[in-house]
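Below is one structure; the comments refer to it alone.
Numbering (the working numbering), first residue to last: 846 to 1080.
Okay, here's the thing in structure tokens:
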């Protein structure tokens, strides 16, 4: 579904991504783990068309999407729920969600998207007229994911969905991610909580200072002593 080949990204003189290559197959949950500053968000930004790359290629469903405009990438079937949620605080829950469906013109399709999001996140339906800025952190995260789902993406990219949430909400968010995947959406997940990410993903990549250092089955990586020591806090 998605293939990255030899991708290089620079921020001025800083070499943020150093020729990384990775692949995501239809129906998978793939985790990208690594420490802060490793290049995880840069990778998602490059896929989404928000961060320009200097060389290498990104193909989605067989089409080269390297450095094409973000709205064109969304139309092809990708969507990003960004780190920090980035909801529009002065807009209502309903208005935030409607913005996620901006590429759609068919009112019936938009209604179907609302129904899907509200079935996944009943709490959002209860707060449909409430402004996003008054929601709790967990509710804002649900809204960010729900907004990303409104375009009915084939590939959903999630950047740190559990960041700043209480443990019980973290569990709920990860259960929802699995539910979204079971409905047929492929997911690329960036997550500081490496243990949780590896527990729900099929495969994973480890990113270290802009390079892929390890890749494989998530269970195998979770059992790897290097991953245990560096990311799972197990000595």
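Idealized CB from N, CA, C, for every residue including glycine. This one's a predicted model, so the numbers in the text were calculated from it and none came from an experiment.
Query	Result
First through last residue of the alpha helix (DSSP H) which encompasses residue 951	Looking at the DSSP string, residue 951 is not in any alpha helix (DSSP H), and its letter there is neither H nor E.
Start-to-end residues for the alpha helix (DSSP H) that takes in residue 1023	1012-1027
DSSP state of residue 1084 mapped onto helix, strand, coil	For the chain, the structure presents residues 846 to 1080; residue 1084 sits outside this window and is missing.
Pick from 863, 1058, 923 and 1006 that is closest to residue 982, judged by C-alpha positions	1006
Buried versus exposed call for residue 856 [16 or more other C-beta atoms within 10 Å across all chains shown]	exposed
Beta-carbon spacing of residue 1072, residue 1038 below 9 Å	no
Classification of residue 1004 by the beta-carbon crowding that lies within 10 angstroms, buried from 16 upward	buried
Backbone secondary structure at residue 1042 - three-state DSSP	helix
Selected residue, minimal CA-CA separation from residue 995, among 881, 926 and 891	926
Distance CB(residue 1026)-CB(residue 874) smaller than 9 Å	yes
Host beta strand (DSSP E) of residue 1035 (start-end)	1031-1035
Chain-order list of residues whose beta-carbon lies under 6 Å from that of residue 922 (same chain, five-residue window excluded)	998 and 999
Element boundaries [alpha helix (DSSP H), containing residue 987]	982-994
Terminal residues of the beta strand (DSSP E) in which residue 1001 lies	1000-1004
For residue 956 and residue 894, the rounded distance between their alpha carbons	28 Å
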